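Asker:
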Amino acid sequence: MTDQPLFKKAFPVKGDFASAGEASVKVKNILKDIGYDSGVIRRVAVATYEAEMNVVMYGGGGEIVMAVNADHVNIIIVDQGPGIPDIKQALVEGYSTATEEMREMGFGAGMGLPNIRKNSNEFTIDSEMGKGTRLDLVFRCGG
Amino acid sequence: MTPETKLHSIQIDNEKCIGCVLCMRACPMKAIRIRNDKAVIDPLRCVDCGECYRVCPHDAVIPETTSFSYLKKFKYTVALPSPVLYMQFGWEVMPNQVLQGLKRFGFDYVYDVAWMCENVTAAYEVYMQLHPTLKPKISTVCPAVVRLITHLYPDLLNHFIPIESPRELAAKRLRFKLAIERNLKPEEIGIIHITSCAAKMVSVNHPVGLAKSHLDGVVSIKDIYGDLLDLIEDVEEDVILQKSSGVGLGWAQSGGEIRGMNLENALAVSGVSDVIRILDDAEAGRLRNIDYLELLICPDGCIGGPMVVQNRHIAKQRCETLVKMFGEKSRVSRKMIRRLFNEGFYKMEEGIEQTPLPPLDPDPIKAIQKSQKIEELLSQLCGKECGACGSPDCRTLARDIVVGEARLTDCVFIEEEKDNP
Numbered sequence: 000m001t002d003q004p005l006f007k008k009a010f011p012v013k014g015d016f017a018s019a020g021e022a023s024v025k026v027k028n029i030l031k032d033i034g035y036d037s038g039v040i041r042r043v044a045v046a047t048y049e050a051e052m053n054v055v056m057y058g059g060g061g062e063i064v065m066a067v068n069a070d071h072v073n074i075i076i077v078d079q080g081p082g083i084p085d086i087k088q089a090l091v092e093g094y095s096t097a098t099e100e101m102r103e104m105g106f107g108a109g110m111g112l113p114n115i116r117k118n119s120n121e122f123t124i125d126s127e128m129g130k131g132t133r134l135d136l137v138f139r140c141g142g
Numbered sequence: 000m001t002p003e004t005k006l007h008s009i010q011i012d013n014e015k016c017i018g019c020v021l022c023m024r025a026c027p028m029k030a031i032r033i034r035n036d037k038a039v040i041d042p043l044r045c046v047d048c049g050e051c052y053r054v055c056p057h058d059a060v061i062p063e064t065t066s067f068s069y070l071k072k073f074k075y076t077v078a079l080p081s082p083v084l085y086m087q088f089g090w091e092v093m094p095n096q097v098l099q100g101l102k103r104f105g106f107d108y109v110y111d112v113a114w115m116c117e118n119v120t121a122a123y124e125v126y127m128q129l130h131p132t133l134k135p136k137i138s139t140v141c142p143a144v145v146r147l148i149t150h151l152y153p154d155l156l157n158h159f160i161p162i163e164s165p166r167e168l169a170a171k172r173l174r175f176k177l178a179i180e181r182n183l184k185p186e187e188i189g190i191i192h193i194t195s196c197a198a199k200m201v202s203v204n205h206p207v208g209l210a211k212s213h214l215d216g217v218v219s220i221k222d223i224y225g226d227l228l229d230l231i232e233d234v235e236e237d238v239i240l241q242k243s244s245g246v247g248l249g250w251a252q253s254g255g256e257i258r259g260m261n262l263e264n265a266l267a268v269s270g271v272s273d274v275i276r277i278l279d280d281a282e283a284g285r286l287r288n289i290d291y292l293e294l295l296i297c298p299d300g301c302i303g304g305p306m307v308v309q310n311r312h313i314a315k316q317r318c319e320t321l322v323k324m325f326g327e328k329s330r331v332s333r334k335m336i337r338r339l340f341n342e343g344f345y346k347m348e349e350g351i352e353q354t355p356l357p358p359l360d361p362d363p364i365k366a367i368q369k370s371q372k373i374e375e376l377l378s379q380l381c382g383k384e385c386g387a388c389g390s391p392d393c394r395t396l397a398r399d400i401v402v403g404e405a406r407l408t409d410c411v412f413i414e415e416e417k418d419n420p
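Top to bottom, those sequences are chains A and B.
The first sequence runs contiguously to residue 142 in numbering that gives the first Met the number 0.
The second sequence runs contiguously to residue 420 in numbering that gives the first Met the number 0.
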């Protein structure tokens, strides 16, 4: 993010299933209150939720940072998890490393990252083994 | 009253309101503020869920209903009792007895709405078979849920099943049928819904998906209960007014709509906070494997409505007993349902439009800036969430300040001299 956004806020993501999804609802509600482009809200809602679940399931907690501008929204999702060994493979639809517990909760269809990519206009992923993963997403109005 | 306040059945009696915080804190839409020691409802946000009515200890929250004297203006009166009414009496009282009691009360005609519920279950099935995509389908039975979705979840509007509610369908059919059979003009017939619901009056005065309601009014179960109790003693064994099986009767509580449906993945959710949570899940795309989503704003469904008499847990037990007694096999002819479906009988007359809440500012850039300002103000507030300022919580106070409807000094923990927003 180079230019100064009109709105910026960080939302902590706890690493437990009980509160999973709360941060992405907060993100969505702020955009609704602004009266932001409804297409962007829908895509942000889906992508941020998926990303938050990844942070909960693999990252052991982290942070979502939202920056809102007139014509686009930036979402950065950071965790200090183990990192993704093979990003290319993780982006293949249907590929999943979900555990039994995650599958029991209805996850593990291997659609997480592909779905996030599909719903964002720009998608950048950086992952370092043992350090964590960072997603940079851009959602453009009318996109 | 402004045109907006008329949109609602819930009104505040200023004589009785003492300006405590209970209704404001209970409101899931954050639609209530305390101004000049009185509760004020924002008509644009209110969905008529009735949560404020439940908590008010001063009887100052009044859901509008139809007075019995209004019924006198009709030549012929029809009662359409919600199945919830059947669950308000003792163990020995059967639905047929309740319906007979309503006749003795003075209604010329009494119709078992549970039977239309049973028909609508079958019509839903037909609709779902014809429209298998775009899951989950969401029912439009609960008027408060419909408003909640048109206000806050516009992307879910096309998930609604465009089938009219049983109460409206029953009224539509009866007005037509009785006018012919009894040689009456349609307007001479007064059709009244008897309900546990605070939102039904709104759905009569300002229907969604319908140009004009087929109902003429709404009476609460609370209001009619005392009189009815005296009239249900005698049973006329040969007068059968009940047509429904357990499939229709079960509609009184959460899970009733899906009970009669042959679906693998159907979900019933009730209670306002759980409904909001599941809608957030639906919006995040989490429920695509769910075929049908039954949503009722009251806890445990209509049986937990604000205008009931019976403890809802006892009423639930009563409902289960009646469902077992009358069986879970639908008595509806599927062939007839298909015919009526194809004729368009069940179809909503109009589409459901979104009713988005006003944004923070009409200017999109200013709206984003105001959002930032809310966060800044929030960091100045102590977060005790007391409500003494007249806003339901600190975040909402910050929002009210930013849109010019409150001042930072309204916060009782902020000293006067520090502030000048």
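Cβ atoms here follow ideal geometry from the backbone N, Cα and C, with glycine treated the same way.
The structure presented is a predicted model; accordingly, all values stated were derived computationally and were not measured.
Starting from the C-beta of B/L377, find all residues in its chain whose C-beta is less than 8 Å away, skip the five residues before and the five after it, and write them out in chain order.
Answerer: C393, R394 and A397.
Asker: Are the stretch 262-272 of chain B and the stretch 313-327 of chain B in contact at 8 Å, needing three or more beta carbon pairs?
Answerer: Contact between the stretch 262-272 of chain B and the stretch 313-327 of chain B is absent, because fewer than three Cβ pairs lie under 8 Å.
Asker: Of all the CB atoms in chain A, is at least one closer than 8 Å to the CB of B/A30?
Answerer: Chain A, which has no Cβ nearer than 8 Å to the Cβ of B/A30, makes this no.
Asker: Is A/Q79 helix, strand or coil by DSSP?
Answerer: DSSP places A/Q79 in coil when its eight states are reduced to three.
Asker: What are the boundary residues of the alpha helix (DSSP H) that includes B/T76?
Answerer: B/T76 -> not in any alpha helix (DSSP H); beta strand (DSSP E) instead, spanning Y75 to P80.
Asker: Would B/P62 and B/M200 qualify as a contact pair, given that the criterion is a beta-carbon distance under 8 Å?
Answerer: Yes, the pair counts as a contact, with Cβ atoms nearer than the cut-off.
Asker: Just to confirm my understanding: we take B/L262, look at its own chain, exclude 5 residues before and 5 after, and list those with CB closer than 7 Å. What are they?
Answerer: The answer, listed in chain order, is D290 and Y291.
Asker: Kindly say whether A/A69, judged by its beta-carbon, lies nearer than 8 Å to any beta-carbon of chain B.
Answerer: Chain B contact via Cβ: present.
Asker: Given that B/P153 touches chain A, what residues does it touch there, using C-beta distances under 7 Å?
Answerer: Under the 7 Å cutoff, chain A gives S37.
Asker: Whose C-alpha, out of A/N53, A/V67, A/P84 and A/A9, is nearest the C-alpha of A/D15?
Answerer: Out of A/N53, A/V67, A/P84 and A/A9, A/N53 has the C-alpha closest to the C-alpha of A/D15.
Asker: I'd like the list of long-range same chain contacts for B/T354, defined as Cβ closer than 7 Å, with 5 residues on each side in sequence excluded.
Answerer: Result list for B/T354: T149 and H150, in chain order.
Asker: Can you find the residues in the same chain that come closer than 8 Å, C-beta to C-beta, to B/K369, ignoring five residues on each side of it along the sequence?
Answerer: So the qualifying residues of the chain are L359, D360, V401 and V402.
Asker: Tell me whether the beta-carbon of B/L209 lies closer than 8 Å to the beta-carbon of B/V77.
Answerer: Not in contact: B/L209 and B/V77 (Cβ atoms no closer than 8 Å).
Asker: Determine the closest residue to B/V440 out of B/V54, B/E327 and B/Y108, with distance taken between C-alpha atoms.
Answerer: Chain B is shown only over 0 to 420; residue 440 of chain B falls outside these bounds and no answer can be derived.
Asker: Between the beta-carbon of B/R44 and the beta-carbon of B/P391, is there less than 8 Å?
Answerer: Not closer than 8 Å, so no.
Asker: Please confirm whether B/Q371 has its beta-carbon closer than 8 Å to some beta-carbon of chain A.
Answerer: Answer yes: the Cβ-Cβ gap between B/Q371 and chain A drops below 8 Å somewhere.
Asker: Just curious, the alpha helix (DSSP H) that B/P161 is in, first and last residue?
Answerer: Segment: none, B/P161 is in no alpha helix (DSSP H) and carries neither H nor E.
Asker: With burial defined as no fewer than 16 other Cβ atoms inside 10 Å of the residue's Cβ, what is the status of A/N68: buried or exposed?
Answerer: Label assigned to A/N68: buried.
Asker: So, A/P81 versus A/Y57, is the Cβ gap smaller than 8 Å?
Answerer: Yes.
Asker: For a contact defined as C-beta to C-beta under 7 Å, what are the partners of B/I364 on chain D?
Answerer: You won't find chain D in this structure, because its protein chains are A and B.
Asker: Report yes or no: do three or more beta-carbon pairs, one from the stretch 159-170 of chain B and one from the stretch 37-45 of chain A, lie closer than 8 Å?
Answerer: Segments in contact, no.
Asker: Using only the alpha-carbon positions, how far apart do B/P27 and B/I296 sit?
Answerer: Whole-angstrom Cα-Cα distance: 11 Å.
Asker: What are the residues that DSSP puts in a beta bridge with A/A9?
Answerer: Beta-bridge pairing links A/A9 to A/V64.
Asker: To the nearest whole angstrom, what separates the beta carbons of B/A113 and B/P82, a pair I think is in contact under 8 Å?
Answerer: Their Cβ separation, rounded to whole angstroms, is 4 Å, which keeps B/A113 and B/P82 in contact under 8 Å.
Asker: May I ask you to verify whether the stretch 237-254 of chain B touches the stretch 320-340 of chain B, counting CB pairs closer than 8 Å and requiring at least 3?
Answerer: Segments in contact, yes.
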